[in-house]
Amino acid sequence: MPTAQIALTAMVNGLAIGLLLFITAAGLSLIFGMMDVLNLAHGALFLTGAYLAWWIGGEQQTWPSLGRAVVAVVVFGAAAGGLLSLLTAPLSRRSHLEQALLTLGIALVAADVLSALFGDDVRATEPPAGLAGTVTVAGWSYPSYRLALVGVAALLAAAVYWTVERTSLGALFRATVGDRDMVAAVGVDPRLVRGGVFVLGSVLATLAGLLGAPIYHARPGLDTTILVLALVVVVVGGLGSIRGPLIAALLFGQVESVGRAVLPGLASFLLFGTLAAVLVVRPRGLFTLAPGGRR
1 MPTAQIALTA MVNGLAIGLL LFITAAGLSL IFGMMDVLNL AHGALFLTGA
51 YLAWWIGGEQ QTWPSLGRAV VAVVVFGAAA GGLLSLLTAP LSRRSHLEQA
101 LLTLGIALVA ADVLSALFGD DVRATEPPAG LAGTVTVAGW SYPSYRLALV
151 GVAALLAAAV YWTVERTSLG ALFRATVGDR DMVAAVGVDP RLVRGGVFVL
201 GSVLATLAGL LGAPIYHARP GLDTTILVLA LVVVVVGGLG SIRGPLIAAL
251 LFGQVESVGR AVLPGLASFL LFGTLAAVLV VRPRGLFTLA PGGRR
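Numbering follows full-length UniProt numbering, in which position 39 of the sequence shown is assigned residue number 39; successive positions increment by one, without gaps.
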């Protein structure tokens, strides 16, 4: 394959990976930045979404099974978000260490349950007909599913940004962060708003797992890998921000993909080297809201 085609393939791969990372990291950023809760069970939600995609659709998805899987991961993500909100509520005014220990314990239990249910083998799933092949343009071939993933993830990213930044629901989220007593005074229960942020973040994580299943495949340990990458994106992008994690995810997607194409043995070093370089210049991230919503 010519060098130009290899470079183009690596960049489009980076775009797909970056957008998928953003969908995962956006929920983590919102929960921590707005609700001040460090949720280390986020990777387990991603893995659950991937396992549900395989369990419902099997090794070869069909369009009807994909539709059922989407409904299942949204319902599961919403239920898991509500449960996490309830479990972490007593620790909302305590240290992040205690929150981390609780959610890490939840993540470990979830990982063991998933291993018991699905075994320790890799559960690979392929996209439905029409997305399983390749698209060829001017002699350059690229997997159809990854191109579709770029489009779907971009739409989801735009929807998340619009919801948080441009709608009354997003304004309610930000108002609850700024002054919970005032929100309660106008008749809105802050606990419901808190639950709404958890539900939104958890649904994004399970949806990302569904979308990423044909690429990463459901397997033990995937939850930890995704959690680490999401934390890197959130730290670099800035807590509570939407633009920051998007820029960071796109940046790390390119570093990961192009790095593996050019210097496969140093890809991980390039990823965390970029993290260190950004934090030297911007210790609080690219666009940050301090926990509790303060800039």
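The C-beta atom is built at its ideal place from N, Cα and C for all residues, glycine as well.
Legend entry - Span of the alpha helix (DSSP H), counted from its first residue to its last, around PRO143: Premise fails: PRO143 lies in the beta strand (DSSP E), 140–143, not in any alpha helix (DSSP H).
Inset, instruction - Just confirm the distance between the C-beta atoms of LEU45 and ALA205, as a whole number of angstroms; I'd bet it's less than 8 Å. - result: 4 Å
Legend entry - Contact with chain C by ALA276, beta-carbon distance below 8 Å: You won't find chain C in this structure, because it holds only one protein chain.
Inset, instruction - Would you tell me roughly how many angstroms separate the C-alpha atoms of THR191 and GLY130, rounded to the nearest one? - result: Per the sequence shown, residue 191 should be read as Arg rather than Thr. Straight-line Cα distance between these residues: approximately 44 Å.
Inset, instruction - Please state whether DSSP places THR274 in a helix, a strand or coil. - result: helix
Legend entry - Reference THR9, options LEU28, PRO264, ARG146 and LEU279, closest by Cα: ARG146
Legend entry - C-alpha gap between PRO214 and VAL186, whole angstroms: 46 Å
Inset, instruction - Measure the CB-CB distance between GLY18 and LEU250 and report whether it falls below 8 Å. - result: yes
Inset, instruction - Take the Cβ of THR167 as the centre, count every other Cβ of all protein chains shown within 10 Å, and call the residue buried at 16 or more, exposed below. - result: exposed
Inset, instruction - Check each candidate in ALA132, ARG243 and TYR51 and name the one with the smallest Cα separation from VAL73. - result: TYR51
Inset, instruction - Measure the alpha-carbon distance for LEU266 versus LEU38 and round it to whole angstroms. - result: 30 Å
Inset, instruction - Starting from the N-terminal side, write out each stretch of the alpha helix (DSSP H) that is 4 residues or longer and does not extend beyond the segment 180–220. - result: 180–185 and 190–216
Legend entry - Neighbour-count burial assignment, HIS42, 16 or more Cβ in a 10 Å radius: buried
Inset, instruction - Using the Cα positions of VAL12 and PHE252, report the straight-line distance between them to the nearest angstrom. - result: 13 Å
Legend entry - Nearest to LEU101 (by Cα), restricted to the options LEU270, LEU40, GLY58 and PHE22: LEU40
Legend entry - Minimum C-alpha distance to SER141 - residue among GLY259, LEU28 and ALA7: ALA7
Inset, instruction - For GLU126, write down the residues that DSSP places opposite it in a beta bridge. - result: GLN60
Inset, instruction - Note down the Cα distance separating LEU200 from SER29, rounded to an integer number of angstroms. - result: 11 Å
Inset, instruction - Return helix, strand or coil for THR136, following the three-state DSSP convention. - result: strand
Legend entry - Pick from THR103, GLY82 and GLY133 that is closest to LEU91, judged by C-alpha positions: THR103
Legend entry - Anticipated Cβ contact below 8 Å, ALA31 with VAL197, distance rounded: The question names Ala, but residue 31 in the sequence shown is Ile. Indeed, because the Cβ distance is near 6 Å, the residues count as touching under 8 Å.
Legend entry - ALA248 vs VAL236 beta-carbon contact at 8 Å: yes
Legend entry - The alpha helix (DSSP H) enclosing PRO245, as first and last residue numbers: 243–262
Inset, instruction - From the DSSP output, in three-state form, read off PRO283 for me. - result: coil
Legend entry - 6 Å CB neighbourhood of PRO143 in its chain, flanking five on each side removed: THR134
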